[in-house]
Amino acid sequence: MARGHWRLEDLPWDQFDRSKVDPDLLPLIKAAALVEFNANDYTAYLCNVFKDDPVFQEVARGWAEEEVQHGLALGRWAALVDPAFDFDAAVERFRAGYRVPINLDASVRGSRTGEMIARCIVETGTSSYYAAIGDSTDEPLLQEICRRIAADELRHYKIFYDYSKKYLELEGLTKFQRLKVALSRIGESEDDELAYAYFAANEAADSAYDHARCNAAYMRRAYGRYRPKHIDRAVAMVFKACGLKPHSPLSSVASRGAWWLVERRARKLERRTA
């Protein structure tokens, strides 16, 4: 997967413009860098779940290589903004407090098809997220980093989607079962991973982790970056992963509902921190 992929040195580091940095974005980028860099743990888990599929195992390793590079790019940008940011120390702190269960030999989603759909949902979220971040900043280097990462995540989605069709033929999950997996994975977006990454990247070494506080701090900054076009694309990708028509009256209703929820959550978090 990584063959011919862009490299860190391909990024326009000389275009970094401190005067255009939004300081409210910095904590998000620091946290995202840790999550992206931690992809090798997910690969270990995926290789266990798909232990008899060496072709997919190779794909998973290539995916992780690109994700780790995303983390390095984001971490390097964060260090340009904040030279005191110690990326390696933040990674160590993150891994000390948050671990992916890599020793499982079966998918936590109940099936291999479900695992692929869950991966599609993750790639949907990250592609939309980085598109939203890139659209919300005027800093040219971060714009380019986000553009490249968002494109990678969209390509990753397509890869996992193709593999989901392979396993769907073997396991025969219904659309309802696929939708159930998708909604379950969407519901995990506010679990400990992002909140702990925010904590590890941004809070003082002697501070204590509090999920509610860290999750609210992260989400307050993140939700306000989205616009309807980002939600529309995300909903279409979720529908496609579940075997539903991505551009249909039902999809339009779901998009409007999702946008209402995002706006409502953003307003609530703003009031809480005002």
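If you're matching positions, the sequence shown starts at 949 in our numbering and goes up one per residue. Where is the CB? At the ideal position from N, CA and C, for every residue including glycine.
| query | result |
| --- | --- |
| In its own chain, which residues sit with a C-beta less than 8 Å from the C-beta of residue 1088, not counting the 5 before and 5 after it? | 960, 963, 964, 965, 968 |
| Taking the alpha carbon of residue 1149 as the reference point, which residue from 1034, 996, 1113 has its own alpha carbon closest? | 1034 |
| Return the CA-CA distance between residue 1156 and residue 1118, expressed in angstroms with no decimal places. | 46 Å |
| Using 8 Å for Cβ pairs, my map puts residue 1100 next to residue 1014. What's the rounded Cβ distance? | 6 Å |
| Alpha helix (DSSP H) containing residue 1011: first to last residue? | 1002 to 1029 |
| Between residue 1093 and chain C, is there a C-beta pair that is closer than 8 Å? | Checking the listed chains, one finds no chain C in this structure; it contains a single protein chain. |
| Exposed or buried, which one is residue 1056 when buried takes at least 16 other CB atoms within 10 Å? | exposed |
| Cβ of residue 975 within 8 Å of Cβ of residue 1169? | yes |
| Using a 10 Å radius around the Cβ and a threshold of 16 neighbouring Cβ atoms, would you call residue 984 buried or exposed? | buried |
| Quick check on the DSSP output: what are the complete alpha helix (DSSP H) runs of length 4 or more inside the region 1085 to 1138, in order along the chain? | 1088 to 1119, 1123 to 1135 |
| For residue 1163, is the classification buried or exposed, using 16 other Cβ atoms within 10 angstroms of its Cβ as the cut-off for buried? | buried |
| Below 8 Å on the Cβ atoms is my contact criterion, and I expect residue 988 with residue 1053 to pass it. Report the Cβ-Cβ distance as a whole number of Å. | Going by Cβ atoms, the distance from residue 988 to residue 1053 rounds to 18 Å, so no, they are not a contact pair. |
| Under 7 Å Cβ to Cβ from residue 1025, same chain only, skipping five residues before and after it: list those, please. | 977, 1089, 1090, 1093 |
| Consult DSSP for residue 953 and reduce its assignment to one of helix, strand or coil. | coil |
| With distances taken Cα to Cα, identify the nearest neighbour of residue 1072 among 1059, 1172, 1128, 1098. | 1098 |
| For the region 1145 to 1218, which segments carrying the alpha helix (DSSP H) assignment without a break, of at least 4 residues, lie completely within its bounds, in sequence order? | 1159 to 1171, 1176 to 1189 |
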